[in-house]
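Down below is the structure, laid out as structure tokens.
There are 2 protein chains.
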Amino acid sequence: MKLKDIGERKLTYKITSRFSIPFDDCYFLPIDGEYLLLTTDMVRKTTHFPKDATPYHIGWYSIAVNISDVVAKGGEPFAYLVALGLPKEMDEKALDEILNGMENCIKLYGGKIIGGDTKEASEITIAITAIGKAKKREVLSREGAKAGEAVFVTGNLGKGGIALLKNDLDKLLLIKPKIKEARWLAKNKIATACMDLSDGLASSLYQLSKINGIGFRIFADFLPIDEEANLELALYYGGDYELLFTAPKEEKENIEKKINAKMIGEVIDEKKITLIKDGKEYKIENKGYEHFKST
Amino acid sequence: MKLKDIGERKLTYKITSRFSIPFDDCYFLPIDGEYLLLTTDMVRKTTHFPKDATPYHIGWYSIAVNISDVVAKGGEPFAYLVALGLPKEMDEKALDEILNGMENCIKLYGGKIIGGDTKEASEITIAITAIGKAKKREVLSREGAKAGEAVFVTGNLGKGGIALLKNDLDKLLLIKPKIKEARWLAKNKIATACMDLSDGLASSLYQLSKINGIGFRIFADFLPIDEEANLELALYYGGDYELLFTAPKEEKENIEKKINAKMIGEVIDEKKITLIKDGKEYKIENKGYEHFKST
């Protein structure tokens, strides 16, 4: 069977099962009474970026998606390893712009580049490893959501989708992972489960459902949809890099007062995920952007 | 200016200077009274492998080059992050073979895969991050060679070159970093400077010369050249993955008795690198395989 017939999520599952890797974006390495958070993400010009994306966009984005994984665990990034695959016909100025993008993103979130590798490639291919730390009692996990709790998102949804449709590449690619919100949730031990929304709301809800053996009832009226976007984009389009988290219902007021987050629904016993809209209940599909399946 | 006019080594120098990254294969992160060693290397089918290389070869090699970087610091690898870029037309069986290669190499050296990323790519592209540890007092560094010391290599030289010429892909790609020898040198605090020979002997001598402000006088008769290889391959062809290290001359006997290593010359004050052959002194050129400059 070819990889395109398997798809990214099944492939990831196959590999993580084989090596007993925790099915998560970050590995927690216990060290010095803290956790070291380790994560890697690879981006490639053709498959990850609209054709007008600049080297600066690519540099920023390649670092930011890794930061997002550390941040969603309640961690603070402090070091990056950068493996660069670059075309030999590329101009030195383009490389400078990639590095500018990385540097400016790192300035915003902290840390420094501690090493890397530079190799020839047919097109820009960047694999970053981000290293962060988090106190053991402050870590955020994907596991822990319980029926009866509420589910929240930070910021607005559908921003990524509308930015792609309008070719607004700054909005689409200069993403800003929600470190302030995640650190607040982690320090105050409020979130019971948390992840970033890189794959889209629907897909992320299904991932939390699988890990926690629960389901969700989402209320359409509660969804903080970007003013230019719509329900379809908010549910199924990835690239928002907001946080999705669960917490006890009694924390709703506190959360919505302290950080830019809104309750969007509730955690239910049954492993199904539905949307309540105009008084009717609809099934939310398990779909979103997936590598290898793109055509 | 285009990257191909700059070349890999100048590019690496440019990037490491800009971000004040230590010019080394591994970063030393002080933790728990030890060092965590962090390194990343990217490999890509077209630029790194002969066309007959199998997925198994690629998997093994991608892990082994990273292990070599950790080992050359006196460290023991214990964890790996694996970012895989794979063609969507690739067969699942080929992926299994890549993973078999990785797994068998890891079995030999220890550790486990703790995370990764799987993305679409036009050809097999693998970026591994290896994480190792070493006791602070046992670490091997590229810095520390002093005039008057001796310089050594482990194993034989030119193996990589002859394996490439004969298309012996098992010998070329199923490389076995010298962990036993490196650990012995580290534990006994015998080597004053150490690095792996991935870029070839000449190129590696020039790197040590630059870092330490010293030169080398190499004796052709002392070079442990592979029986099928020759002087040219031994000096200028990379891919041997042996250790190159310096140590006080009085350690020669001890070293050559305890590990598979031979003295090949001496460290001199002057920053020049020469070969003594048939009583004459020749300049060793600063050349070896370099990415971006391949044509």
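Heads up: the protein sequence lines correspond to chains Z and L, in order.
Heads up, the first sequence is in the numbering used here, so the first residue is 1 and it goes up one at a time.
Heads up, the second sequence is in the numbering used here, so the first residue is 1001 and it goes up one at a time.
Using N, Cα and C, we set each Cβ at its ideal position, and we do this for glycine too.
Simplified DSSP state of residue i, which is helix, strand or coil
i                       : result
residue 56 of chain Z   : helix
residue 93 of chain Z   : helix
residue 1002 of chain L : strand
residue 287 of chain Z  : coil
residue 1210 of chain L : helix
residue 294 of chain Z  : Confidence at residue 294 of chain Z is low in this model, with a pLDDT of 44, below 50, so the placement of that residue is unreliable and no value is reported for it.
Boundaries (first-last residue) of the beta strand (DSSP E) holding residue i
i                       : result
residue 9 of chain Z    : That residue, residue 9 of chain Z, is in no beta strand (DSSP E); its alpha helix (DSSP H) goes 8-18.
residue 1217 of chain L : 1215-1219
residue 1081 of chain L : 1076-1086
residue 1153 of chain L : 1150-1154
residue 271 of chain Z  : Unbroken run through residue 271 of chain Z: none, as it is neither H nor E.
residue 280 of chain Z  : 280-283
Cβ of residue i within 8 angstroms of any chain L Cβ
i                      : result
residue 44 of chain Z  : yes
residue 132 of chain Z : no
residue 216 of chain Z : no
residue 121 of chain Z : yes
residue 49 of chain Z  : no
residue 127 of chain Z : yes
residue 64 of chain Z  : no
residue 32 of chain Z  : yes
residue 240 of chain Z : no
residue 115 of chain Z : yes
residue 192 of chain Z : no
residue 8 of chain Z   : yes
residue 54 of chain Z  : no
residue 4 of chain Z   : yes
residue 140 of chain Z : no
residue 11 of chain Z  : yes
residue 41 of chain Z  : yes
First and last residue of the uninterrupted alpha helix (DSSP H) at residue i
i                       : result
residue 1173 of chain L : 1169-1173
residue 261 of chain Z  : Note, residue 261 of chain Z: premise wrong, no alpha helix (DSSP H); beta strand (DSSP E) at 261-268.
CB contact below 8 angstroms: residue i versus chain Z
i                       : result
residue 1035 of chain L : no
residue 1221 of chain L : no
residue 1245 of chain L : no
residue 1027 of chain L : yes
residue 1143 of chain L : no
residue 1154 of chain L : no
residue 1018 of chain L : yes
residue 1274 of chain L : no
residue 1085 of chain L : yes
residue 1196 of chain L : no
residue 1021 of chain L : yes
residue 1076 of chain L : no
residue 1173 of chain L : no
residue 1108 of chain L : no
residue 1091 of chain L : yes
residue 1088 of chain L : yes
residue 1169 of chain L : no
residue 1038 of chain L : yes
Amino acids of chain A, ordered along the chain, whose beta-carbon sits closer than 9 angstroms to that of residue i
i                     : result
residue 15 of chain Z : Note that chain A does not occur in the displayed structure, where the protein chains are Z and L.
>> Under 8 angstroms, with one C-beta from each stretch per pair, do the region 1224-1242 of chain L and the region 1280-1288 of chain L reach the 3-pair mark?
In response: yes
>> Give the list of continuous alpha helix (DSSP H) stretches no shorter than 4 residues that lie fully inside the region 21-57 of chain Z.
In response: 45-48
>> Within 8 angstroms, do at least three Cβ pairs link the region 116-124 of chain Z to the region 1039-1055 of chain L?
In response: yes
>> To test your reading of the DSSP string, which unbroken beta strand (DSSP E) runs of 3 or more residues are found completely within the region 99-135 of chain Z?
In response: 112-120, 125-135
>> If we require 3 or more residues per run, which beta strand (DSSP E) segments fall completely within the region 1156-1203 of chain L?
In response: 1193-1196
>> Is it the case that the region 245-265 of chain Z contacts the region 1010-1025 of chain L, given that we only count it when at least three CB pairs across the two stretches are under 8 angstroms?
In response: no
>> Quick check: the region 1178-1185 of chain L against the region 1224-1231 of chain L, are at least 3 beta-carbon pairs closer than 8 angstroms?
In response: no
> Which whole runs of the alpha helix (DSSP H) in the region 1236-1261 of chain L are 4 residues long or more, in chain order?
Replying inline: 1252-1258
>> For the region 131-151 of chain Z against the region 83-92 of chain Z, do three or more pairs of beta-carbon atoms, one drawn from each stretch, fall closer than 8 angstroms, so that the two count as touching?
In response: no
>> Under 8 angstroms, with one C-beta from each stretch per pair, do the region 1062-1074 of chain L and the region 91-104 of chain Z reach the 3-pair mark?
In response: no
> Do the region 154-162 of chain Z and the region 70-81 of chain Z meet, that is, are 3 or more Cβ pairs less than 8 angstroms apart?
Replying inline: no
> Okay, do the region 1112-1119 of chain L and the region 1001-1010 of chain L touch, 3+ Cβ pairs below 8 angstroms being the bar?
Replying inline: no
>> Does the region 1212-1224 of chain L come into contact with the region 1138-1153 of chain L, if we say contact requires no fewer than three beta-carbon pairs (one atom in each stretch) closer than 8 angstroms?
In response: yes
> Is it a yes or a no for the region 1158-1165 of chain L touching the region 1239-1247 of chain L, going by three-plus beta-carbon pairs under 8 angstroms?
Replying inline: yes
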